[in-house]
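In the working numbering, the protein residues as written are 88 to 450.
Just so you know, even glycine gets a beta-carbon here, dropped at the ideal spot from N, CA and C.
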Amino acid sequence: MMSKNKGLAGVVAGQTAICAVTQTHELRYRGYAISDLCENASFEEVAYLLIHGALPNQKQLDEFIKRLITYQTLPNSLKIVLEQIPKTAHPMDVLRTACSMLGTLEMENSTNNGDIIAERLLAIFPSMLLYWYKRIDTQTGEARIGDHFLKLLHGKVDAKASHLFNISMILYAEHEFNVSTFTARAVASTLADFYSCITAAIGALGGPLHGGANEAAMKLIQTFKNPLDAEQGIKKMLTAKELIMGFGHRVYTESDPRSEIMKKQVALLAVSPEQKNLFSIAEMIEKIMWDEKHLFPNVDFYSALAYHFCDIPTKLFTPLFVISRVTGWSAHIIEQRSDNRIIRPAAEYIGPEPKAFIAIDKR
Ligand SMILES: CC(C)(COP(=O)(O)OP(=O)(O)OC[C@H]1O[C@@H](n2cnc3c(N)ncnc32)[C@H](O)[C@@H]1OP(=O)(O)O)[C@@H](O)C(=O)NCCC(=O)NCCS
């Protein structure tokens, strides 16, 4: 019976060779532990691993990066569309719209296939976002996706931010059957085109229970003046049965391995008194959530603070998740297509008993 699995909790909905959460709560991409990847790999190597199935050798990586640099360019008609989107729009809606528009300009066909579109989207998402945000030339020539974003936003690439971005983008890249990835796979299962899958996934990611949690977590942390204020405020919210954004997870029960890596990075970035205060507030929220609810921070909680410390405007946090997760989405679309059967579950009917139709003048 369905009622036991509300939200499909615990339901194994398919197979994948892309990503695994192990029994000991370790996260692995195609067999490689994320801790190992964060320490030793660039995000571009991980992107290649996800999209193309194996880590690249130096020649493959160089060629991949060369392609990404060319793919940074925005078509003119896409620029015109971006110029029409109001400044008040949410950047996630901008990316969703721009992705859909690109699908009309560079349609998927036998030569422009999934692998090429995956790379194109990876390189062009920062350009789309920052062109809308700042109306600037989007060809930076930066070899790294994170640096491309930072250069467009700040006009320069700060070494600490570049390092942080590399790690956070690796951590955000993939997470098996999360909602946006499952959405992408469901759309792919109908044999829809690549852009439709990604556009749908962006829509799913934006919700505050999914990727939108990093933006919501930052706003929450900033509402408190100091750790004591946070302690009182969070307890009040919990009493009122409010959700604390950036906490809890469907798959993890004791901790999120990504959060542990991210927290270490945030601690290194917190140097000014204001940053140290925000970090102490975050740690207090973490303590209260554990003591009161046995809940732990997920990847979004400390990522939010990390981006804030790199001077990233809060509303660009979830789009950064898109820029990274497009690699995982793409891998899953390719995998779904390689052994497809339409994803169409059944529903348990709980509506009214059969009724006779009533003519409109008798209602
Ligand atoms: C991630 C999330 C959607 C998982 O949902 P889920 O698996 O359905 O979790 P449940 O709703 O079954 O949670 C179990 C209990 O913990 C509570 N809980 C879970 N996350 C909570 C949170 N962030 N704040 C307060 N309580 C929370 C639930 O209210 C529920 O309590 P109850 O048993 O008294 O009803 C959920 O934890 C959440 O909404 N978190 C906040 C949003 C977020 O950070 N999302 C990013 C995920 S990476």
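heavy atom of ligand 1 below 6 Å from residue i C-beta
i	result
Asn385	yes
Gly290	no
Arg337	yes
Ile331	yes
Ala300	yes
Phe212	no
Phe130	no
Gly94	yes
Leu407	no
Phe269	no
Phe334	yes
Leu296	yes
Where residue i sits in the DSSP three-state scheme
i	result
Ala107	strand
Phe444	coil
Ala304	helix
Ala120	strand
Ala114	What sits at residue 114 in the sequence shown is Leu, not Ala. It is a strand residue.
Phe311	coil
Sub-7 Å separation of residue i and residue j beta-carbons
i	j	result
Thr160	Gln226	yes
Ser346	Val409	no
Phe212	Gly233	no
Ala260	Phe388	no
Phe396	Gln352	no
Pro384	Phe334	yes
His112	Tyr339	yes
Val181	Ile172	yes
Met286	Ser187	Before going further, note that residue 286 is Thr rather than Met in the sequence given. Yes; because the gap between Cβ atoms is below 7 Å, this pair is in contact.
Glu329	Met371	no
Ala300	Met256	no
Val266	Ala230	no
Glu341	Cys106	no
Ile430	Ser276	yes
Thr184	Glu302	no
Ala273	Ala288	no
Leu239	Ala248	no
Ile375	Ile308	no
Leu310	Ala134	Rather than Leu, the amino acid found at residue 310 in this sequence is Thr. No. Outside cutoff.
Asn92	Val99	no
Thr403	Pro178	Sequence check: residue 403 is Leu here, not Thr. Yes, Cβ-Cβ distance for Leu403 and Pro178 is below 7 Å.
Phe281	Gly201	yes
Met349	Ser411	no
Check: residue i C-beta below 6 Å from any heavy atom of ligand 3
i	result
Leu237	Looking for ligand 3 in the displayed structure turns up nothing; the ligands present are ligand 1.
Tell me, please, whether the segment 198-207 touches the segment 364-380 by the rule of three or more beta-carbon pairs shorter than 8 Å. no
Given 8 Å as the limit, is there contact between the segment 435-449 and the segment 148-155, that is, 3 or more CB pairs closer than that? no
Could you pull out every unbroken alpha helix (DSSP H) segment of at least 4 residues lying fully inside the segment 231-299, listed in chain order? 232-241, 246-259, 266-275 and 281-292
Could you say if the segment 133-148 and the segment 404-422 meet the contact criterion of at least three C-beta pairs nearer than 8 Å? yes
Would you mind listing the beta strand (DSSP E) stretches within the segment 122-194 that are 3+ residues and don't spill past its ends, in chain order? none
Give, in chain order, every unbroken run of the alpha helix (DSSP H) that is at least 4 residues long and sits entirely within the segment 381-433. 386-396 and 404-425
Report yes or no: do the segment 213-224 and the segment 191-200 share at least 3 C-beta pairs separated by less than 8 Å? no
Quick one: any contact between the segment 321-329 and the segment 421-428, if contact means 3 or more CB pairs under 8 Å? no
Tell me the start and end of each unbroken alpha helix (DSSP H) in the segment 336-367 that is at least 4 residues and wholly inside, in chain order. 344-356
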